[in-house]
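All letters in the sequence shown, in the order written, are residues 1 to 202 by full-length UniProt numbering. Report on one structure; see the data block that follows.
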Amino acid sequence: MPINRSFLGRNRGVDNHGGRLPPGQSLTESFPVLTSGPAPRPLSEAEWALTLKVGPRLVAQWTLADFRALPQSEQVVDIHCVTTWSKFDTRWRGVTVDDLLAAAGVQAPTPWVLAHSQDGYSTNLPLADLTQGRAMVATHFDDKPLTHEHGGPARLLVPHLYFWKSAKWLSNLEFTTEEEAGFWELRGYHMRGDPFREERYG
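Here is the structure:
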């Protein structure tokens, strides 16, 4: 896979904002919109559902009304895209993965998760990167409902990893017994994606 030259050595030696800005990243005040392909059609509130599976077995499902009734949490976090932009102090609201698993009565059946999106996108994550308050299914950004272009009505938010791991238009979290590569991982991206280790490519 060709390597974008902007990924190599950019911004090294400049202010990293007290350790908050990963190597190779540049701060932005905007919120760029990036997708792996055309955005799917927006779903109505009646159509949307989030499912939780262990392999092919369905263990829980929430409508949007059900989801809104779950415990709500807020996070203010920095986010980092593999295309080299970072945005500080972003405000999100939704349901932590811990609370989602508790609502489903599920306790870590496997160590791996595949996050699936409405448009067929997927990304793999260790369960350890989703629990202990590290990730949420977000429905609000800056105190407003998440817009469709940014993955609304609900997207995964895993802020300590590159943002391709925060799958837009989330539809399904699937527990897997082995680590299975998702869309970008199959195309040469790193299996984990820690921005402070510059885990851009595998």
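Beta carbons are placed, not taken as given, at the ideal position from N, Cα and C, and that holds for glycine. Since we're looking at a predicted model, the values are computed, not measured.
Cα atoms of residue 112 and residue 165: separation of roughly 13 Å, rounded to the nearest angstrom. In this structure, residue 134 and residue 158 form a Cβ contact; the two beta carbons are roughly 7 Å apart against a cut-off of 8 Å. DSSP places residue 74 within a strand segment (E or B) once states are collapsed to three. When beta bridges are read from the DSSP output, residue 172 appears opposite 51, 116. Annotated three-state conformation of residue 93 is strand, per DSSP. At the C-beta level, residue 70 and residue 173 stay beyond 7 Å of one another. Of 197, 154, 125, 151, the smallest CA-CA separation from residue 184 is found for 125. Residue 141 is bridged by DSSP to 92, 144. Counting only the Cα atoms, residue 186 lies some 28 Å from residue 43. In the structure shown, residue 157 falls within a strand segment according to DSSP collapsed to helix, strand and coil. Contact annotation: residue 169 and residue 118 have beta-carbon atoms nearer than 7 Å. Beyond the five residues adjoining it in sequence on each side, residue 139 comes within less than 7 Å, by CB distance, of 93, 94, 145, 146, 153, 154 in the same chain, given in chain order.
Here residue 34 is exposed: its Cβ has fewer than 16 other Cβ atoms, across all protein chains shown, within 10 Å.
Apart from the 5 residues on each side of it in sequence, residue 177 sits with its Cβ closer than 6 Å to the Cβ of 110 in its chain, given in chain order. Scanning the stretch 17-51 from its first residue to its last, no whole alpha helix (DSSP H) run of 4-plus residues comes out. Residue pairing for residue 102: DSSP places it in no beta bridge.
At a Cβ-Cβ threshold of 7 Å, residue 84 and residue 25 count as neighbours.
In the three-state reduction of the DSSP assignment, residue 150 falls in the helix class. Here residue 30 is exposed: its Cβ has fewer than 16 other Cβ atoms, across all protein chains shown, within 10 Å.
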